[in-house]
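Residue numbers (this note's numbering), protein chains in the order written: chain A, 938 to 1055; chain B, 34 to 875. Contents: one structure, followed by commentary.
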Amino acid sequence: MKYARTSPFHPMQIPLGLVIWSLWFVLMYGGQAVVCTLAPPAPEQGVWNWLNAGLGLLTLAALGLLLGLAVHFWRLSRRSQLNERQVFVTKIAAGVHLIAALATLFVGIPLLQIPPCL
Amino acid sequence: MSRTSPRAAPATDADQLHDQFDEVWGNPRGWRALTIVNHTTIGLRFLVTGGVFFLVGGLLAMLIRTQLALPGYQLMEPDVYNQVFTMHGTVMMFLFAVPMMEGLAVYLIPKMIGARDLVFPRLSALGYFCYLFGGLILLSSILLDVAPKAGWFMYTPLSSQAHTPGVNSDFWLLGITFVEISAVSAGVELVVSILRTRTNGMTLHKMPLYAWYILVMAMMIVVGFPPLILGSILLELERAAGFPFFDPAGGGDPLLWQHLFWLFGHPEVYIIFLPGAGIVTTLIPVFCQRPLVGYRWVVLGVVTTGFISFGLWVHHMFTVGIPQLAQAFFSAASMLVAIPTGVQIFAWLATLWLGRPVYRVPMLWLVGFLLVFVAGGLTGVMLALVPFDWQVHDTHFVVAHMHYVLVGGMFFPLMAGLYYWLPHFSGRMPSEKLGRWGFWLVFIGFNLTFLIMHWTGLIGMPRRVYTYESGLGWDLPNLISSIGSFVMAIGVATILLDIVLHFRFGLPAPKNPWHADTLEWATSLPPSAYNFVSLPEVSERHPLWERPQLPDSIARGEHALTVIDHGRRETWGTDPLSGKVREIIHLPGNSWLPFIAALLLAVLCLSLLNKAYGLALGATLATLAVLLRWSWENGAHPAAAPDARTQPGEPPLHSRTFDGPGLWGMGVTLLANGALYLSLVFGWFYLWTVAPQWKVPAQALSGWPMLASGVLLGIGCLWLHRLVKRLRRGSHDTLLQNLAGLAALAFIQTALLLWQLLGAQLAPSETAHDAVVFVMLAYSIIHCGLAAVLTALQAWRVSYGYVGIEAPYEPIVVEQLWHYNLGVLWIGYAAMVLFPATWGGT
């Protein structure tokens, strides 16, 4: 059976969580580098400045999205009428989204500890 | 759209059937052996060539260790020493590690997934010859005493014209780019083969874990190699034409090279490691005679490793002055990548724990791998910590860590794999005795060399110094490392001896000699050119454990696709998820085209090295002509599949459907191409933001021709899309006229881009700004021109009857290029015209 690319059982769902993580990572690194060059926040503000706040919000948004998708795929995988292949895709996709969420959290933690442009 | 006909029934006699298959699939001898495209032969050629390059790289290592054995000892002048250590790293990374792992995958993957060949056999052959010629060109630089000497990562400005005049760096840049054609082409076809040619019933969650590892590795090559290819092109343009991409005086930045290099370079470590881990994952269950623990966890670990490894590249640049927060992101990601790797290690340990491992020679190498690689991984976590990295940066500690990871993660599993699959290559068993001697000598020699080297680095010895004074505390550890390296060399010589002798004296291998579970052991030993005379349905993860008689029934022709009197090479085209058969993929036979194309590319490479640009242009045009001829012999062409009839009940040929490997191949190739273009866009914004003397010309780029070109291309895409839709509905009236019209439109649209380039009054040798604009426009011109030529070719093929309602497949493949060009053109317009006019400022 052929699935549409948007179907939750399409194999494209397997790497999706880490694709989102990659985009978030590029935005974080690129955003921080560009802002620090063009309009760096005052160093005396420490970690509590608009740039860290913006990056923090981006992190929370990515985290929320990834956790939401992880829960979504996990619930899908527990439906009774799925075949073995569908269970595999949804369970792996749930796992990948969860891993991506944890990776987002772990890599984002330094926002609470380090001023952005030092 | 397919027609079926009751052809002659398959031969009932197995020997007769094999003879018939040999007629279609057999390999010629003598000079015509250069035309072979079969994956078994190409895979073996990769392995043998990689082995020879390994010996060259090893000899260079011996020279380095001899020089460093004693303080003040000068076996080589500093300049020669620089060439030797640069070539050691280059040969080992680019000519040994990646090609060996790809070669093994090229050899094994079709057999493991129950296919007769890879999907693009001519591409396999082209990849091999590009690798061979590129490697030979690179190695010739040693004999000419003009070898690259700026280190294997060629940092600018050291590798730039000002600091390394002469052709040394050019050999690296052109030779490696040439070799990388091979890596990317193998990456593309491995991805498509794994997803689309698994045997009937082999679902994604039942395919061998080795195939998962290779799938992720191949995708990583597709996305990870292009940044380096771009970097090499830019640096060569800087050296040859003075485009100042990396020169601060012209608005460039040397750090851009580091970003582009390590965007490739760090994933490269995992590109090398993952196939090694795939070998481990394949072998441990066999020697424990039980399934691997945690199939799903391992898949999760492999996919996660593949992605996160792209978020680590800046950890090679912790000392270059990047803000601390950015360093923290990369430090965290660098630590994080140890977790999915750890998941795999625990899966292997759990399998060893639950099974009853038998310590044959391959298993020794696996145990060695576990010890060495875990140690290397732990020092990797240490290096991920920024303060520690600052302390040991560019010392022998890093050299030791790198060898623990790469030799542990690649060489040890490779040796395990070679010993394991040796009966497959030769039909004979290796010697246990010599094999064990070889392992222990290498294991002891390796640890003696590199364990000690950690301390040499911690007490401050920098890497790449050609000698050192006595009294610094480095004398004894260096001597021990040198002795260890010679012990290791003796070990390698013992293994070589074992391998050579086994071809003569090895005991004949019985069927499935290790009691393995995977399909590659269902072939004859050594295998025939077609692997399987009949293609079985496989619905289990361990087919040979659950059906030990499968090899016999395959050989007797009791399974599918056994008719060969049509003269086509065929394998199943299956659904990527379910593994259900969708179509029959017909494969091209032996051909001179790959060899000729690679030879012309070698002429191109050599003429660029010698700055013979007229000859280079001629070689480029000749290569293009050969490749177009290559594309001509496809689909309904007499040399491909003019007769589309299949057996009753069988699906149609892929070229008579709207799906097929070419469609997927084009998609994956465009992914690689997109990675290259996005790296260029990254370079543009990077220089704009960071380069200390970035200069924007007073006169902004007038983008009218580009805008008009973009609009025309958009109209063309809609036109082509509608044409394809009509084709899908079964109508092909005026197909030829429409395709000809589209080709004309594409030529006009390309001409507009050319007008933009020529009319922009760029000074690419004066400012990095204009140099990047030049490259971005040239990129679009080349791609749009290619789309125009390919569309014209389609129209021509319609007139011959090779494309049409009976064979509607090719316009869909070309359509992808049109859409890609449209995306690229508008991104370029936004970056070069809209961005400077709005936020870019001056």
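The C-beta atom is built at its ideal place from N, Cα and C for all residues, glycine as well. This structure is a prediction, so every number in the text was calculated from the model and none was measured.
- Proximity to residue 125 of chain B across B/523, B/46, B/209 peaks at B/209, based on C-alpha coordinates.
- Non-local beta-carbon contacts of residue 260 of chain B in its own chain, meaning distances under 6 Å to residues more than five positions away in sequence, involve 293, 296, 297, 712 in chain order.
- DSSP places residue 606 of chain B in no alpha helix (DSSP H) but in the uninterrupted beta strand (DSSP E) bounded by 602–607.
- Within the DSSP secondary-structure output, residue 618 of chain B pairs in a beta bridge with B/604.
- When B/727, B/332, B/253 are compared, the shortest CA-CA separation from residue 237 of chain B is found for B/332.
- For the region 702–730 of chain B, the residues whose beta carbon sits under 7 Å from a beta carbon of chain A are, in order, 722, 723.
- DSSP, reduced to helix, strand and coil, places residue 541 of chain B within a strand of the structure shown.
- Under the Cβ distance rule, residue 982 of chain A does not count among the residues neighbouring chain B, no pair being separated by less than 7 Å.
- By the neighbour-count criterion, in which a residue is buried when 16 or more other Cβ atoms sit within 10 angstroms of its Cβ, residue 135 of chain B is buried.
- Residue 406 of chain B is not a Cβ neighbour of residue 375 of chain B, given a cutoff of 7 Å.
- Distance from the Cα of residue 399 of chain B is smallest, within the candidate group B/359, B/418, B/440, B/424, for B/440.
- Of the candidates B/384, B/355, B/468, B/384 places its Cα closest to the Cα of residue 317 of chain B.
- What residue 329 of chain B touches in chain A, judged by beta-carbon distance under 8 Å, is 1025, 1028, 1029, 1032, going in chain order.
- Residue pairing by DSSP leaves residue 496 of chain B without any beta bridge partner.
- Rounded to whole angstroms, the gap between the alpha carbons of residue 223 of chain B and residue 642 of chain B is 31 Å.
- The beta carbon of residue 972 of chain A does not come within 7 Å of any beta carbon belonging to chain B, so the residue lies off that interface.
- Within the DSSP bridge table, the entry for residue 461 of chain B names B/541 as partners.
- Legend: CB atoms of the region 998–1012 of chain A lying less than 9 Å from CB atoms of chain B are not found in any residue.
- In this structure, residue 276 of chain B places its C-beta atom within 7 Å of the C-beta atom of residue 270 of chain B.
- When C-beta atoms of the region 92–103 of chain B are compared with those of the region 504–523 of chain B, three or more pairs fall below 8 Å, so the two segments count as touching.
- With a threshold of 7 Å between beta carbons, residue 1055 of chain A makes contact with chain B.
- Remark: C-beta atoms of residue 965 of chain A and residue 1000 of chain A do not approach each other more closely than 7 Å.
- With fewer than 16 other Cβ atoms from the protein chains shown falling within 10 Å of its own Cβ, residue 982 of chain A counts as exposed.
- Annotation: residue 142 of chain B has no Cβ neighbours in chain A at a cutoff of 7 Å; minimum Cβ distance is about 18 Å.
- A Cβ-Cβ contact shorter than 7 Å links residue 433 of chain B with residue 487 of chain B.
- Under a criterion of Cβ atoms nearer than 8 Å, no residue of chain A is adjacent to residue 227 of chain B; the nearest Cβ is some 11 Å distant.
- Contact between residue 522 of chain B and residue 109 of chain B is absent: CB atoms are separated by about 18 Å, not below the 8 Å threshold.
- Within the region 950–961 of chain A, those residues whose Cβ lies closer than 8 Å to any Cβ of chain B are, in chain order, 951, 952, 955, 956, 958, 959.
- Restricting attention to B/228, B/301, B/625, B/656, the CA atom closest to the CA of residue 258 of chain B is found in B/301.
- Residues 295, 298, 299 of the same chain have their beta carbon placed closer than 7 Å to that of residue 349 of chain B, with the five preceding and five following residues left out of the count.
- Under the three-state reduction of DSSP, residue 979 of chain A is assigned to coil, being neither helix nor strand.
- For residue 790 of chain B, not one C-beta of chain A is nearer than 7 Å to its own C-beta.
- For residue 942 of chain A, the nearest beta carbon of chain B is not closer than 7 Å to its own beta carbon.
- Along the region 363–387 of chain B, going in chain order, the ones with a CB nearer than 9 Å to a CB of chain A are 363, 364, 365, 366, 368, 369, 372, 373.
- Against chain B, the CB of residue 1018 of chain A has no partner CB under 7 Å away; the residue lies outside that interface.
- The beta-carbon separation of residue 549 of chain B and residue 567 of chain B, rounded to 20 Å, does not stay under the 8 Å limit for a contact.
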